[in-house]
Amino acid sequence: MSDSSNSTNNDTESNELHLDDIEIEDLRKRVSEKWNTYPADVLPAWVAEMDFPLASPIRKILSTALDGDDLGYPIGLRATGLPDVFSERMENRYGWKTDSRMADVITDVVQGLYVSIEVLTEPGDGIIVQTPIYPPFLNAVKDTKRRLVENRLLNTDEGWRIDFDALRASIDDRTRMILLCNPHNPTARVFTEAELTELGAIACEHDLVIVSDEVHADLTFDGRKHIPIATLSPEIAERTLTITSATKAFNIPGLRCAIAHFGSKRLQQAYHSIPRHIRGGVGLLGIYATQAAWQQSQPWLDEVRAYLETNRNIVADFVAERLPNIKHHKCEATYLAWLDCTEANLSGSPASHILETQRLALNEGRTFGADFNQFTRLNFATSKRILAEALERIEKATQST
Ligand SMILES: Cc1ncc(COP(=O)(O)O)c(C=O)c1O
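Heads up: the sequence shown begins at 188 in the working numbering, then just goes up one per residue.
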């Protein structure tokens, strides 16, 4: 069953987004990172921002704040109602019943990863990460002087899979935590109930905390259901800190607002051991835009996700038909395609070769883990026309090694 059937009753806005008509000249006026890092002759398809227009309820709430000169401090974070909106959303979409008092509003997902590591582990402790992985996971372990325990995903004919034997073998008496990314960036896997149950059982057996980044949960394809790992059993839940936000699915990452949900008081108290002002503050606009996203913008998300699913197919078909030296497993979620260019023999790294020869900016594979120098990541959250241009540039780049 498609989880779009779980739309909340508060969905009030329907959209006609005309996503095919996005103009590159308009995108180039943006000041955010994706469109404002490279020179104007470069087509950017890298950092995870979408090229789509905002959901109208989000635009409305932001415009109302600006029109009313209403940019003061937010009231107490709990009093804003956002933790309750989070609980409502998790129950409606994922059948996950949470106590909103166990949910904190935090600045952003990556901040949540760093704070969790700081308060729940010690320098030198082992932290398990499934690579390839969204680069801040690696930086979070390194920057906090913890030990990276790399559990490489297996690249099988069916797609990327968790190597449970290697995972078990990697655990020693100083291993304390698993940093889970589900849905997984960059492989775009949606881990199954069986996989998550096995991972959870290992965590319980070895007394590991699970920090689960579920920021891509709303972007699954083919009717796949995202399963919050904290829903699997009380034993798993009590050792799980889940971090999520509306920023990825609703394309508002510049507004800086996320939620950390604690599976037990122990986790929450540990998190609060770092004073709030060191953890940082959340702005008014992020809070209310997140509420507008989760309560009123489901029709927008349904339309965008359907568009992304078609783009996902376009990427997979193009790679299969036109890029014989590039390997790719069709994305199960996200809008990020992970491309294995090992057999393409591109000079330097694939991303640098493609940038230099075709002026297309992708992500460098090596930033996702030491063994992934010959991979690159493509962001396909754009119009079909711009995506076609990006894919053609990749094709030309593979012809000019
Ligand atoms: C898996 C994952 N986690 C976190 C983030 C960033 O979240 P935030 O901007 O809230 O730190 C991203 C952004 O692409 C991501 O892909």
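Even for Gly, the Cβ is constructed at its ideal location relative to N, Cα and C. Just so you know, these numbers come straight off a predicted model, no measurement behind them.
Asked, Found
"DSSP state of L537 mapped onto helix, strand, coil", "As written in the sequence, residue 537 is Pro, which differs from the Leu given in the question. Of the three classes helix, strand and coil, the one that applies to P537 here is helix, per DSSP."
"Proximity of A242 and S484 at Cβ, strictly below 7 Å", "yes"
"Distance, G282 Cα to N196 Cα", "Summary for N196: the model assigns pLDDT 39, below 50, so the residue's position carries little reliability; its value from the coordinates is reported in the next sentence. Between N196 and G282, the C-alpha separation is close to 15 Å."
"Backbone secondary structure at F559 - three-state DSSP", "coil"
"Reduced DSSP secondary structure (H/G/I, E/B, other) of D291", "strand"
"Proximal residues to A404 (C-beta, below 6 Å), its chain only, five neighbours per side dropped", "H413"
"Secondary structure of N279, DSSP reduced to three states", "helix"
"Nearest to R443 (by Cα), restricted to the options V229, E220, V296", "V296"
"For V336, the first and last residue of its enclosing alpha helix (DSSP H)", "Looking at the DSSP string, V336 is not in any alpha helix (DSSP H); the run it does join, the beta strand (DSSP E), is 334–337."
"Unbroken beta strand (DSSP E) run spanning V396, endpoints", "396–400"
"Beta-carbon proximity of A577 to L533, cut-off 7 Å", "no"
"Distance cut-off 6 Å: S536 Cβ against heavy atoms of ligand 1", "no"
"Contact the region 433–440 vs the region 462–471: 3+ CB pairs below 8 Å", "no"
"C-beta atoms of L395 and M364 nearer than 7 Å", "yes"
"Stretch-stretch touch, CB-based, cutoff 8 Å, three pairs: the region 539–559 with the region 577–587", "yes"
"DSSP three-state assignment for C368, whether helix, strand or coil", "strand"
"beta-carbon Y281 near ligand 3 non-hydrogen atom, thresh 6 Å", "Among the ligands present in this structure, namely ligand 1, ligand 3 is not found."
"With 16 other Cβ atoms within 10 Å as the buried cut-off, status of G299", "buried"
"Test item: CB-CB of A447 and I430 under 7 Å", "yes"
"Check: Y301 C-beta below 6 Å from any heavy atom of ligand 1", "no"
"Test item: CB-CB of V292 and L264 under 7 Å", "yes"
"Unbroken beta strand (DSSP E) run spanning N342, endpoints", "341–343"
"Q478 versus A235 - alpha carbon distance", "21 Å"
"For L204, the three-state DSSP class (helix, strand or coil)", "coil"
"Stretch pair the region 245–256 + the region 271–280: three plus CB contacts closer than 8 Å", "no"
"Identity of the residue in I358, A424, G450 nearest H393 by Cα", "I358"
"Counted within 10 angstroms of its Cβ, other Cβ atoms place N223 as buried (16 or more) or exposed", "exposed"
"Extent of the continuous beta strand (DSSP E) to which D527 belongs", "523–527"
"Whole-Å CB distance - R411 paired with E519, under 8 Å assumed", "6 Å"
"Best match in P322, D527, F567, A327 for proximity to P310 [C-alpha to C-alpha]", "A327"
"beta-carbon S432 near ligand 1 non-hydrogen atom, thresh 6 Å", "yes"
"Nearest-angstrom beta carbon gap, L367 and V398 [assumed within contact, 8 Å]", "7 Å"
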